[in-house]
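Here's the structure we're looking at; comments come further down.
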Amino acid sequence: MTAVQTYDFLIVGGGQAGIPLAHDLAKAGHRVALAERRNLGGSCVNFGCTPTKAVIASAHAAFQARRGAVFGLRIPTVEVDFPAVLDRARSILMQSRASLRRGFEKSDNPRLLAGHARFTGRQGGRFRLRVGEESVLARQVVLNTGTRTLLPRVEGLDEVDYLEAANWLDRPQLPEHVIFIGGGYIALEMGQFYRRMGSRVTVVDPASAILDREDSDVVLLLQRLLEAEGLQFRLGSRVTRVAAGRRGITAFVKTGRHGDAIRGSHVFVAAGRRPNTGDLGLKRVGVQVRRDGIIETDERLATSVPGIWAAGDIRGGPMFTHTSWDDFRVLRSQLNGDGSRTTRRVVPYAVYTDPELGRVGATEMEARDSGATVKIGRFPMRNNAKARELSETNGSVKVVVDAETDQVLGAAVLSAHGSELVHLFVTLMNAKAPYSVLRDSIHIHPTLAEGVQSAVASLE
Ligand SMILES: Cc1cc2nc3c(=O)[nH]c(=O)nc-3n(C[C@H](O)[C@H](O)[C@H](O)COP(=O)(O)OP(=O)(O)OC[C@H]3O[C@@H](n4cnc5c(N)ncnc54)[C@H](O)[C@@H]3O)c2cc1C
């Protein structure tokens, strides 16, 4: 074992907050180390956002090619080379991973420590940790250890070779029929991807609707569009048991009191995420953790122990790359700035189905439950000129406005490029501007953004 290393800051986990924070603190003159037990970039780069959006792009290209006749094109056959689709995604993520690594090769500060980190105690006013085989002392510690797939209680699950977020990219064979356990955004995005590649897809979820925190009119429209492509939904149903046989996997499904079986080739577990906090030695230093593994923080991202901070998915709340990255900005402000930036923020997100669902703020249901008097604006994308020119008319824009202040409380943009269009509302909300700012601005013609403006104009 080498001598004990001493740092001002040890960052545990090379996720979306940890890496930029390490560089920033080092640039400010602090002695910084970052411990990573696997690959820099964490979930987003290595199996989440980057490769999923890359394969979704392949799926979209295949979908468009199959409907070539709509555009006056004759494309007799469209063949999917599934391993090549995965290779393309892998090469994109490898570029990002390599570039993150290069960032640590330029200097000795911040220092990259390879290995699993855990607290072992305190020493002389510092926290003591073990990183792999090394002992480290740090004045302050930032935890950014991310999540892993939550394994639901399903009999036989540990005996089958299930797919999940962290391993789908390593399976070069196109599944014949994927049964998703869970109907959240990962299941919908990956389900539509496999379907467009040629697989059959069944999504099983105990909730009565997909994405059940969203407004029912929005998700029903999305569900109908996915069903039109051949995805099958078993909602209000639970997979209770899975069993592997010679011809694939059988999922035993319970719907109320009724039970039946679905035969597929694979199951894909997408029933939620679990924080990587159980093996950090948190009890040694007294950090409070909820039963579900979430580390509680205040709006400065401070944990219950002074000097220990938590960022990204492990602090609960919206689990996205951009929120984790914004946690970096919060921590930069708290650790090396004026402390003014906190987690009070407008957080948008997107579901990368086709059409995409771009979302920000309250749903209509949440706004009404909060006691607000609301006005609802809507616009079906089939009435938008650009959408018709692109033959991408699926979806609808919905905006929820406070009838007293005229400020936007939330929006759902189900449209081609909905993840981009929703930013019109994000900016409006951050500026606390009335919706008339969007209504009265000039939008370029023809654009999908005109559809967003039309939804706002419909409030009149
Ligand atoms: C399939 C999928 C698709 C997704 N798509 C999107 C999307 O399109 N857009 C979006 O915004 N979000 C998406 N997400 C969510 C997004 O990936 C996460 O919210 C984001 O990566 C933030 O993670 P993080 O910074 O908290 O930690 P992570 O990025 O998960 O990084 C944590 C790191 O800590 C390391 N680590 C853990 N424990 C230790 C330890 N004890 N010692 C050392 N290292 C440790 C891990 O190896 C990992 O590298 C997706 C997630 C999945 C699973």
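In short: position in the sequence shown from 1, add 1004, done, that's my numbering.
By construction, the Cβ of each residue, glycine as well, lies at the ideal position given by its N, Cα and C atoms.
- Contact annotation, residue 1406 with residue 1376: C-beta distance approximately 5 Å; criterion of less than 8 Å satisfied.
- Ranked by how close their Cα comes to the Cα of residue 1207, the residues 1226, 1059, 1182, 1229 have 1182 in first place.
- Per DSSP, residue 1121 is one residue of the beta strand (DSSP E) stretching across 1121 to 1127.
- Runs of the alpha helix (DSSP H) spanning 4 or more residues and lying entirely within the stretch 1233 to 1274 do not occur at all.
- Shortest Cα-Cα distance from residue 1360 to any of 1423, 1275, 1211 involves 1423.
- No Cβ-Cβ contact shorter than 8 Å links residue 1413 with residue 1461.
- Annotated three-state conformation of residue 1031 is helix, per DSSP.
- Contact between residue 1368 and residue 1404 holds: their C-beta atoms lie close to 5 Å from each other, under 8 Å.
- Restricting attention to 1161, 1345, 1202, the CA atom closest to the CA of residue 1244 is found in 1161.
- Taken through DSSP and simplified to helix, strand or coil, residue 1177 comes out as coil.
- In the DSSP assignment, residue 1424 falls within the alpha helix (DSSP H) that extends over 1422 to 1425.
- Inclusion of residue 1020 in the 7 Å shell around ligand 1 follows from its C-beta lying nearer than that to a non-hydrogen atom of the ligand.
- Taking 7 Å as the cut-off, the C-beta of residue 1148 counts as close to a heavy atom of ligand 1.
- Boundaries of the beta strand (DSSP E) around residue 1206: 1204 to 1209.
- For the 8 Å CB-CB criterion, residue 1353 and residue 1193 do not form a contact.
- Per DSSP, residue 1086 is not a residue of any beta strand (DSSP E); the alpha helix (DSSP H) it occupies stretches across 1086 to 1109.
- Going by DSSP, residue 1197 is part of the alpha helix (DSSP H) stretching over 1189 to 1201.
- Residue environment analysis places residue 1449 among the exposed positions, since fewer than 16 neighbouring C-beta atoms fall within 10 angstroms of its C-beta.
- Set against 7 Å, the gap from the CB of residue 1057 to the closest heavy atom of ligand 1 is smaller.
- The continuous beta strand (DSSP E) containing residue 1132 extends over residues 1130 to 1135.
- In this structure, residue 1120 has its CB closer than 7 Å to one or more heavy atoms of ligand 1.
- Excluding five sequence positions before and after residue 1180, the CB atoms of its chain that fall closer than 6 Å to its own CB belong to 1269, given in chain order.
- Closest in alpha carbon position to residue 1124, among 1074, 1114, 1118, 1137, is 1137.
- Remark: three or more beta-carbon pairs, one from each stretch, lie closer than 8 Å, so the stretch 1333 to 1342 and the stretch 1017 to 1035 are flagged as touching.
- Contact check for residue 1014 against residue 1142 passes: the beta carbons are separated by less than 8 Å.
- Scanning 1384, 1438, 1230, 1007 for the CA closest to the CA of residue 1453 turns up 1384.
- Between residue 1257 and residue 1266, the C-beta spacing is below 8 Å.
- Sorting 1163, 1328, 1438 by C-alpha distance to the C-alpha of residue 1046 places 1328 at the top.
- In the assembly as shown, residue 1401 is a buried residue. Its beta-carbon has 16 or more other beta-carbons within 10 Å.
- Relative to the Cα of residue 1347, the nearest Cα in the group 1373, 1320, 1366, 1362 belongs to 1320.
- In the DSSP assignment, residue 1009 falls within the unbroken beta strand (DSSP E) covering 1009 to 1016.
- Closest option to residue 1050, judged by alpha-carbon separation, among 1062, 1082, 1342, 1100: 1100.
- Below 8 Å, enough C-beta pairs join the stretch 1200 to 1216 and the stretch 1232 to 1249 to call them touching: three or more.
- Between the stretch 1300 to 1318 and the stretch 1273 to 1283, the count of C-beta pairs closer than 8 Å reaches three or more; the two stretches touch.
- Within its own chain, the residues whose Cβ lies closer than 7 Å to the Cβ of residue 1463, once the five positions on either side in sequence are excluded, are 1379, 1381, 1405, 1439, listed in chain order.
- Straight across, the Cα-Cα distance linking residue 1066 with residue 1095 is about 19 Å.
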